[in-house]
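Below you'll find the structure, written out as structure tokens, and then a few comments.
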Amino acid sequence: MRAEDPGLIHVTPNRAVARRLGVPYRTLAGLARELLRDGGLLVASPYRARRLLVQAVREALAPKDPQGLAAALEGPVRTLLLLAQASGQGEEALARLAKGASPRLARVARAARRYGELLRGRRLLDPVEVLPRAAALGKRLPLRLWHYPYLGTGELAFLKGVAAPGSEVELLLPEGAWGEANRRAKEALEEVGLKVRPLELAGLGRAFLQGRGLQGREADRVQALRFPDMEAEVRHVLASLKGLLREGLSPGEVALVARDDRRYGPLVAAVGFDQGLPVRLLYRVPVGESRVGSLAALLAQALQDFPYEATLRLLFHPLFPWERKVDLDQARLRRPSGEAWKGLGLPGELLELAQGKTGGELVQGLRRALSPLRKRLEGWPRERAALEALLEGLGELEEEDREGFFQGISELLYHLTVPAQPGYGGVELHTPLARYGGAFRHLFVLGMAEGLTPVPVAEDPFLGLSEVEELERFGLFPEKPWEAAAREALVFAALLGSLKEDGEAVLTYPEVVEGRPVPMSPFLERLGLEPRSPGRTLVGSLVEARRLGLWEGDPLQEAMERALEAERARLEGEASSPHHGATGRPFLPASLSVSQLEDLATCSFRFYAKHLLRPRGDREAGDGDREDLGTFVHQVLARVFRTALEKDARRGEEVRALAAGGLLEEAFSRVEEEWKGRPNPPFFLRRPDWPHRRRRVLRLLARAFEDDEQFLKGDAEIVAVEEAFARAAPELGGLEVRGTIDRLERRSGSHFYLDYKLGSTFPRVKDPKTGALRIDLQLSLYILLHGGGRGRGVYYSLTTGKHDLVPKSLKDGRSWADALREVLRGAHGVLRDGAFEPRPDAEAEACRSCPVELLCRYEGR
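Counted from 1, the sequence shown has number 746 at position 746 by full-length UniProt numbering; the numbering is strictly sequential.
Here it is in structure tokens:
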């Protein structure tokens, strides 16, 4: 049979071989599916196969956990199905095993037999049955098989039944134990009239099979490199690849291989992104791990009576297929579920979809909802592939009832798969199975460590060596563990043989894998290679260059040099740059608030960072939450007292009676309603726990009004509430000070200035004389500027119910007025000089709750 015969079908084990030979890519499995399709037989999808297997296990074995046992038996059941069909015995072999085998093997056989019956009832085949069942159809085809390192049980059965006499097979036939299974396959094929030609490998592959080690020019073409861990390994290899591609090498002339591509894939993708090197990962992952899959899962959860959490997550999903009109603030406030969502703006299409009563109706509704996403996903290869797989795979659920649909969709999302990172162009990560037989100038093999290359082989828990021997007595011959190890070696040999005569191979060995040291691969020992350090570190990205301190040409070089100079100045005690608050020019605004003065007097750098640099926080994340709540509480209290004054109730006991009679609750509700009506209400009002916090805050305020000793004395006369004032301070060079007095009242002929605090501590600023936090500024300023130096100040903690009366003098004999003037003169000096150094109090107490600590370089913290 000549290779140029027009009817000859060329078959290759992978695309790399087909590309090298210049023939169409056709596989034995693909041919088998075509023959079965013509014969009216279909292959069960992974989802359908698992559902039928669970049913078979339940009916044949009646276990407590059919799902778990089916997952454990999946491999052994499929092995028995394959062996039964390949041997030509079919269902009879399974029946004999179920009756005459040992108890453990008989259990597997009963499950396999029932599984086969369920498949036949639907005119379906398990995927492992494709090759032997196609062979039983009796159709003969002229075939030419190229570059096969081994033939599996199903492939051998297919060739014996389908390949026409005279068909040719190119098969690797090494000497010794590694070639024993292939020699048996050769004899079997020649018995039915096929021609088997030995596959000749190039030098590296031949040297590996012979185990003689590399010598001379062969040794010069191979590098074995060791790295401390997988990340260093991947970074070096991808940097090498990036350099080759920059030199003009075509990606098709490079092979990047990892036996365990799933372990290496995420790391390769991350490093490739870091280095700007496009990488494609073609191993398959469940659709459920994609964004399309997560959208489908959330839709399925939400359609079951719209639970609050699932529905809210669905509304926030980036691929939500309808217009969002839901009042999210009301949704967060009410936490609705089921019928409670009505009136909040859920899309009508979503509500209509939830009315589906059968799997068919729900499938059609989901397809209508998801199909428009095609346009949005045009530039997103994996998600587009996931969408197409899901739209097609939903057909598996059409025959289910409503309950079965919701039970099955999560399993469907697991069994439907897509490439992990398909992308466009770039370098592809493959296993040896997809790359052997090609023609590459550069071959990079990752993971040349024991346990990674080759993968460990072991006997099956349900089909151990004793069961294998028992199966052979029944005329069934499964693959033994040492034959699986030989197959790994043959594939690796074929991979090495894919290197061109002038090509180079780099085999890399990570000394540590997932935190544990690992020996090098026995394949390296067979080649006579001892891994060495690469010597120099290849730099593939700016991030790696920065780690190594290589800043030349870096766009951040100038900024980093400035930052380095700022740190040098800090370490040497110099505070002469804006990084340390030294602006070099005076800052003399027309006015300052009392809170700004407090920051300035406590630590000038805090004032500089908060009020000059003004970094923005994330209000949605809760930054400023306590500040907003404090303002809210102040407004509630102000409304209570103002309403009382409008009713001519000025005495403390009169106000207390009104508050207890419902005025406090009314004022709280009105302020709450006003704040919620804002375009962007504060975060604390939108938190799910606000109803609980609301009750707690209301109780604190009610307790305060009950306090007739500290918060509101019965004989006190209310003079003013939330009174704003502005006065010039001579000690500040005439700068105007702004403030708001929470409450001013008269007791026994004296004025008392009251200020409410939510915290348990009361404010103090730094004493210029001692450096300790001991000087009151806020109420003392009120008394000095508003009261002309007459009056008393009282702080009241709404949280603890404690109060603090501002003293008339300090322990060292200074009056409060003299101490305050010293503070103000010092603050004016800082403003005049423009030197806002990080100099808090002597004990650095102010640093414990400083809002700008991430910007501060104070070494005393």
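Yeah, the Cβ is synthetic: ideal placement off N, Cα and C, and Gly gets one too.
Quick one: residues in its chain with C-beta nearer than 8 angstroms to the C-beta of Leu588, no 5 flanking neighbours on either side, listed in chain order? The answer, listed in chain order, is Gly733, Leu735, Leu831, Arg832.
Would the region 411-419 count as touching the region 45-62 if we require 3 or more Cβ pairs under 8 angstroms? Contact holds: three or more Cβ-Cβ distances are below 8 angstroms.
Per DSSP, Asp841 forms a beta bridge with which residues? None; Asp841 has no bridge partner.
Could you compute how far the alpha carbon of Ala702 sits from the alpha carbon of Thr799? Taking the straight line from one Cα to the other gives about 11 angstroms.
Continuous alpha helix (DSSP H) stretch holding Val196: start and end: Secondary structure note for Val196: it is in no alpha helix (DSSP H), and the uninterrupted beta strand (DSSP E) holding it is 195-198.
Evaluate contact between the region 837-853 and the region 629-636, counting only Cβ atoms and requiring at least three cross-stretch pairs below 8 angstroms. No: fewer than three Cβ pairs fall under 8 angstroms.
Please look up how many angstroms separate the CB atoms of Gly359 and Glu399, rounded, as I've assumed it's under 8 angstroms. The C-beta distance from Gly359 to Glu399 rounds to 6 angstroms, short enough to meet the 8 angstroms contact threshold.
The ligand ADP heavy atoms versus the CB of Val636: any closer than 7 angstroms? You won't find the ligand ADP in this model; it holds no ligand whatsoever.
Figure out for me which residue from Glu352, Leu366, Gly203 has the closest Cα to the Cα of Arg221. Restricting attention to Glu352, Leu366, Gly203, the CA atom closest to the CA of Arg221 is found in Gly203.
Here's the rule: buried if 16 or more other CB atoms are within 10 angstroms of the residue's CB, otherwise exposed. What is Arg619? With a pLDDT of 44 at Arg619, under the threshold of 50, the predicted position of this residue should be treated as unreliable, though the coordinate-derived value follows. Note on Arg619: under 16 other CB atoms within 10 angstroms of its CB, so exposed under the neighbour-count rule.
Is Gln421 helix, strand or coil when you go by DSSP? The answer is strand: DSSP assigns Gln421 an E or B state.
Spell out a yes or no on whether the region 120-137 and the region 66-84 are touching, meaning 3 or more CB-CB pairs, one atom from each, closer than 8 angstroms. Proximity of the region 120-137 to the region 66-84 meets the contact definition, three or more beta-carbon pairs being nearer than 8 angstroms.
Please name the residue in Arg825, Leu824, Tyr308, Asp274 whose C-alpha comes closest to that of Glu231. Checked all of Arg825, Leu824, Tyr308, Asp274; the closest Cα to Glu231 is Asp274.
Tell me where the alpha helix (DSSP H) around His828 begins and ends. First-last of the alpha helix (DSSP H) with His828: 816-833.
Work out the CA separation of Leu314 and Lys500 for me, nearest whole Å. Approximately 53 angstroms between the Cα atoms of the pair.
In or out: Gly438 buried (at least 16 other Cβ within 10 Å) or exposed? So Gly438 ends up on the buried side.
Within this structure, are the beta carbons of Val737 and Leu785 separated by less than 8 angstroms? In terms of Cβ geometry, Val737 and Leu785 form a close pair [threshold 8 angstroms].
Answer yes or no: do Val719 and Leu744 have a C-beta to C-beta separation smaller than 8 angstroms? Yes. Within cutoff.
Can you give the Cα-Cα distance for Glu845 and Arg699, rounded to whole angstroms? Spanning the two alpha carbons is a distance of roughly 31 angstroms.
Proximity to Glu598 [Cα-Cα], best of Gly759, Pro763, Glu383: The shortest C-alpha to C-alpha distance from Glu598 to any of Gly759, Pro763, Glu383 is the one to Pro763.
Nearest to Arg113 by alpha carbon, out of Glu74, Tyr150, Ala644? When only C-alpha atoms are compared, the closest one is Glu74.
Where Asp220 falls: helix, strand or coil (DSSP): It is helical.
Straight-line CA distance for Leu277 to Arg246? Approximately 11 angstroms between the Cα atoms of the pair.
Beta-carbon proximity list for Gly265, same chain, < 7 angstroms, skipping 5 on both sides: If the five residues before and after Gly265 are omitted, its C-beta is found closer than 7 angstroms to the C-beta atoms of Leu281, Tyr283, Ala420, Leu429, all from its own chain and listed in chain order.
Cβ neighbour criterion (16 or more within 10 Å) applied to Asp742: Per the 10 Å Cβ criterion, buried.
DSSP has Phe444 in a bridge; who is on the other side? Phe444 is bridged to Leu256, Val506.
Nearest-angstrom Cα separation, counted from Gly528 out to Pro510: The alpha-carbon atoms of Pro510 and Gly528 are separated by roughly 18 angstroms.
Same chain only: Cβ atoms within 7 angstroms of Leu95, ignoring 5 sequence neighbours per side: The sequence as given places Ala at residue 95; Leu does not occur at that position. The residues are Arg113.
Please name the residue, chosen from Ala71, Val491, Arg814, Arg651, that lies closest to Glu411 on a Cα-to-Cα basis. Closest by alpha carbon: Ala71.
Cβ neighbour criterion (16 or more within 10 Å) applied to Glu233: By the beta-carbon neighbour count (other beta carbons within 10 angstroms, threshold 16), Glu233 is buried.
Bridge partner(s) assigned by DSSP for Met560: Answer by DSSP bridge pairing: none, since Met560 is not bridged.
Got a sec? Which residues, its chain only, sit under 7 angstroms from Tyr782 by beta carbon, not counting five neighbours each side? In the same chain as Tyr782, and ignoring 5 residues on each side of it, the C-beta atoms closer than 7 angstroms to its own belong to Gly739, Ile741, Tyr753, Gly793, in chain order.
In this structure, how does DSSP classify Lys480 when only helix, strand and coil are distinguished? In the structure shown, Lys480 sits in coil (DSSP, three-state: anything other than H, G, I, E or B).
Please state if the CB of Arg110 and the CB of Leu69 are separated by a distance shorter than 8 angstroms. In this structure, the beta-carbon distance from Leu69 to Arg110 does not fall below 8 angstroms.
Distance, Cα to Cα, Asp327 vs Lys342? For Asp327 and Lys342, the distance between alpha carbons rounds to 11 angstroms.
Report yes or no: do the region 165-180 and the region 484-500 share at least 3 C-beta pairs separated by less than 8 angstroms? Because the criterion of three Cβ pairs below 8 angstroms is met, the region 165-180 and the region 484-500 touch.
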